[in-house]
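Peer 1: Residue numbers (my numbering): 92 to 378.
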Amino acid sequence: MHRFLFEKFPVRGKLVHLDASWRAVLERHDYPPAVRAVLGEAMAATAMLAATLKFDGRLTLQMQGAGPLNLLLVQCSSELALRGLARWREDVPEGSLAQMTGGGRLSVTIEMSDERRYQGIVPLDGAGIAECLQAYFAQSEQMPTRLWLTADDQRAVGMMLQKLPAEHGGEEGDADGWPRVSMLAETLTDRELLNLEDETLLRRLFCEEDVRLFSGSPVSFRCSCTRDRVETVLKMLGREEVAGIIAEKGSVEVCCEFCNKPYSFDPIDVERLFLDKEAGLGTRTLH
Ligand SMILES: [Zn+2]
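1. Looking only at its own chain, which residues have a Cβ that is under 7 Å from the Cβ of LEU160, when we skip the five neighbours before and after it?
2. Roughly how many whole angstroms lie between the Cα atoms of LEU377 and GLY175?
3. Looking only at its chain, what residues have a beta carbon closer than 6 Å to the beta carbon of THR200, apart from the 5 residues adjacent to it on each side?
4. Does DSSP classify TRP179 as helix, strand or coil?
5. Taking the DSSP output, what are the residues bridged to SER198?
6. Which of the three DSSP states, helix, strand or coil, is assigned to VAL310?
7. Quick check: does the Cβ of CYS167 come within less than 7 Å of any heavy atom belonging to ligand 1?
8. Taking the straight line between their C-alpha atoms, what separation do you get for GLY148 and LEU215?
9. Any heavy atom of ligand 1 within a distance shorter than 7 Å of the CB on CYS298?
10. SER231 to GLU290, Cα distance in whole Å?
11. By a C-beta neighbour count over all protein chains shown, 10 Å radius and 16 as the cutoff for buried, is ALA247 buried or exposed?
12. Just checking, does the stretch 332–350 make contact with the stretch 315–322 on the three C-beta pairs under 8 Å criterion?
13. Looking at the strands, I want to know which residues DSSP matches up with PHE95.
14. Of the residues GLU322, SER273, LEU140, GLY104, which one's Cα is nearest the Cα of LEU366?
15. Could you spell out the range, first to last residue, of the alpha helix (DSSP H) harbouring LYS326?
16. Where does PRO353 fall in DSSP's three states?
17. If you follow the beta strand (DSSP E) that GLY249 is part of, which residue opens it and which one closes it?
18. For GLU145, count the other beta carbons within 10 Å of its own beta carbon; 16 or more makes it buried, fewer makes it exposed. Which is it?
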């Protein structure tokens, strides 16, 4: 993840290249090509949005629809630990996001470490995630934002431009700065975005502008699932339900949907789980 800044007017940008972190997602699930492309774009976008957080927290991008691609969920922490998944039914057509998801909605949720939470929702009626997110920024009256996103089976890549309020730096002088760089960025092709180094890409797009490129921060694939959390889910299901699974299958096998990590509970684990719960009621907390 690289940040960059235009020196002569208040516009900032981000470029993100997900390589190993994107392949880590692809290794865990066999996504059809159309789903893979959308998930990759969503991951690049989520990482860039999370990089704008000015506090410890987490940003979640979620798309839900009644169409063939019915759920897409990507989360990124302010430390840039990223995870994502998609659920689909039948054949997902290559087409606009509206066609793939059957309409529906896209939500952006920001959770802060002090438990404050903000959410914005826009309809999934754009051609792609970039358009929907641009609508989200416009609707939530945040700073004007443009996004360019693309993904293949090796990389998920994105660029974001944001027009800052004038007091955040830069000179007032160049009022055409924002429309000019937005227009220049429109010439960016998916191929260039996927293949060019950040420095080359910025030089090629904005050759007559003064752009400062900052040193990068790593983005990693990291899942926050734990055995404790899976146990909490089993406890919520209740003793009867879980005992039923044990009776039928001999053990309870749970797989994290994000990272595919398996969690296995044999009859003794399950007994202990509910003994703990009953013995522990009101006397101690589990964590
Ligand atoms: Zn996991």
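Glycine included, C-beta positions come from ideal geometry on N, C-alpha and C.
Peer 2: Short version:
1. Sequence index remark: in the sequence shown, residue 160 carries index 69 (1-based). Counting only Cβ-Cβ distances below 7 Å, and skipping sequence neighbours, we find VAL126, VAL129, ALA177, TRP179, VAL183, MET191, THR192.
2. Counting from one through the sequence shown, the residue named residue 377 turns up at place 286. Counting from one through the sequence shown, the residue named residue 175 turns up at place 84. In this prediction, LEU377 has a pLDDT of 47, which is less than 50 and means its spatial position is unreliable; nothing more can be read from the coordinates.
3. Position 109 of the sequence shown, counting from 1, holds the residue named residue 200. Taken in chain order, the residues that qualify are THR151, GLN210.
4. The sequence position of residue 179 within the sequence shown is 88, counting from 1. Correct three-state label for TRP179: strand.
5. Counting from 1 along the sequence shown, the entry for residue 198 is found at position 107. Answer by DSSP bridge pairing, in chain order: GLN153, ILE212.
6. Within the sequence shown, numbered from 1, the residue matching residue 310 stands at position 219. VAL310: coil per DSSP, three-state reduction.
7. Sequence index remark: in the sequence shown, residue 167 carries index 76 (1-based). No - ligand 1 has no heavy atom lying nearer than 7 Å to the Cβ of CYS167.
8. The sequence position of residue 148 within the sequence shown is 57, counting from 1. The sequence position of residue 215 within the sequence shown is 124, counting from 1. GLY148 and LEU215: Cα-Cα distance of roughly 25 Å.
9. Along the sequence shown, read from residue 1 onward, the residue named residue 298 stands at position 207. Every heavy atom of ligand 1 is 7 Å or more from the Cβ of CYS298, so no.
10. For the purposes of this step, residue 231 is taken as the residue at position 140 of the sequence shown. For the purposes of this step, residue 290 is taken as the residue at position 199 of the sequence shown. Spanning the two alpha carbons is a distance of roughly 32 Å.
11. Counting from 1 along the sequence shown, the entry for residue 247 is found at position 156. Buried is the call here.
12. yes
13. On the sequence shown, position 4 is the one that residue 95 refers to. DSSP output for PHE95 lists GLY104, LEU304 as bridge partner(s).
14. Walking along the sequence shown from the start, residue 366 turns up at place 275. Nearest option by C-alpha distance: GLU322.
15. Here residue 326 is taken as the residue at index 235 of the sequence shown, counted from 1. Element bounds for LYS326: 318–328.
16. Looking up residue 353 in the sequence shown gives position 262. Strand at PRO353.
17. Here residue 249 corresponds to residue number 158 of the sequence shown, with the count starting at 1. That run of the beta strand (DSSP E) goes 247–254.
18. Position 54 of the sequence shown holds residue 145. The amino acid occupying residue 145 in the given sequence is Lys; Glu does not appear at that position. Its Cβ having fewer than 16 others within 10 Å, LYS145 is exposed.
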